[in-house]
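Numbered as in the UniProt record's numbering, the sequence shown ends at 184 without a single skipped number.
Don't be surprised by glycine CBs; every beta carbon is placed ideally from N, CA and C.
Computed from a prediction, not measured in an experiment: that's the story for all the values here.
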Amino acid sequence: MSTQIKRSISLYSYQEEFYTGKMNLEDCIRAASETGATGIEFLPEQMLPEFPNITDEFVEEWHGWMKKYNVEPIAYDAFLDQKLFANRIFTTSECVDMMKRDLKLANRLGFKILRTLVSTPLEVIKESLAYAEEMNVVIALEVHAPFTFGTPWFEERLAYIKESGTKWFAIMPDFGIFTKRWNT
């Protein structure tokens with residue numbers, strides 16, 4: 001039996017080594033490649049000190065690493081941090097602007113999927129879909145504990161995908177959905 005399944009690694013797997021300075025970004029990509037993975041999930045907000053101001057030189061270097069280590073960009077993680085100010089949360093319009101910024105960066109780095117957190121409001125996703133199509137990047141909503149399949153939160157998003165017929169909004173399950181209890 002043959003399969004089309006490929007393995008990707010989230011650079012989040014190397015967060016401790018990266019944070020403590022034992023590995024730099026290229027080291028993380030190399031280590032992922034050495035496991036036999038062919039794809040990379042990238043967390044630019046955590047791994048790029050200049051984020052979101054990514055230079056053309058970095059984009060060129062990034063694509064060079066992808067070629068050098070025979071991997072491809074799979075998922076760009078976007079956190080859509082709505083609480084950057086102590087006195088208020090971002091408006092929907094501000095969140096959409098941030099989503100568009102991340103879609104553009106994902107496109108520049110060669111990603112076809114932008115993974116966003118469970119906390120991303122559905123309205124923000126809806127208002128970002130035309131730009132996602134323009135950038136050729138699917139917005140994939142992470143499904144992560146305590147949210148899971150069959151919950152009202154999930155069903156609302158799934159219904160929107162089905163009813164709208166969009167190809168630019170998808171679901172990305174996290175293995176955390178199988179958590180039955182929290183560690184104590």
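Given this structure, state the Cα-to-Cα distance separating residue i from residue j, to the nearest angstrom.
i           : j           : result
residue 111 : residue 88  : 31 Å
residue 141 : residue 97  : 17 Å
residue 12  : residue 175 : 14 Å
residue 159 : residue 123 : 14 Å
residue 74  : residue 8   : 7 Å
residue 148 : residue 119 : 13 Å
residue 151 : residue 128 : 24 Å
residue 70  : residue 83  : 37 Å
Please state whether DSSP places residue i in a helix, a strand or coil.
i          : result
residue 13 : helix
Under a Cβ-count criterion, where at least 16 other Cβ atoms within 10 Å of its own Cβ denotes burial, should residue i be classed as buried or exposed?
i           : result
residue 169 : buried
residue 101 : exposed
residue 105 : buried
residue 91  : exposed
residue 156 : exposed
residue 130 : exposed
residue 86  : exposed
residue 44  : buried
residue 178 : exposed
residue 5   : exposed
Quiz item: Would you call the region 54-65 and the region 77-86 touching, i.e. three or more CB-CB distances under 8 Å?
Solution: The way I'd put it, the region 54-65 doesn't touch the region 77-86; fewer than three beta-carbon pairs between them come closer than 8 Å.
Practice problem: Output the residue ranges of the alpha helix (DSSP H) runs that lie fully inside the UniProt domain "Xylose isomerase-like TIM barrel" (29-176) and measure 4 residues or longer, sorted by chain position. | Solution: Listed in chain order, they are 44-47, 56-68, 92-108, 122-135 and 152-164.
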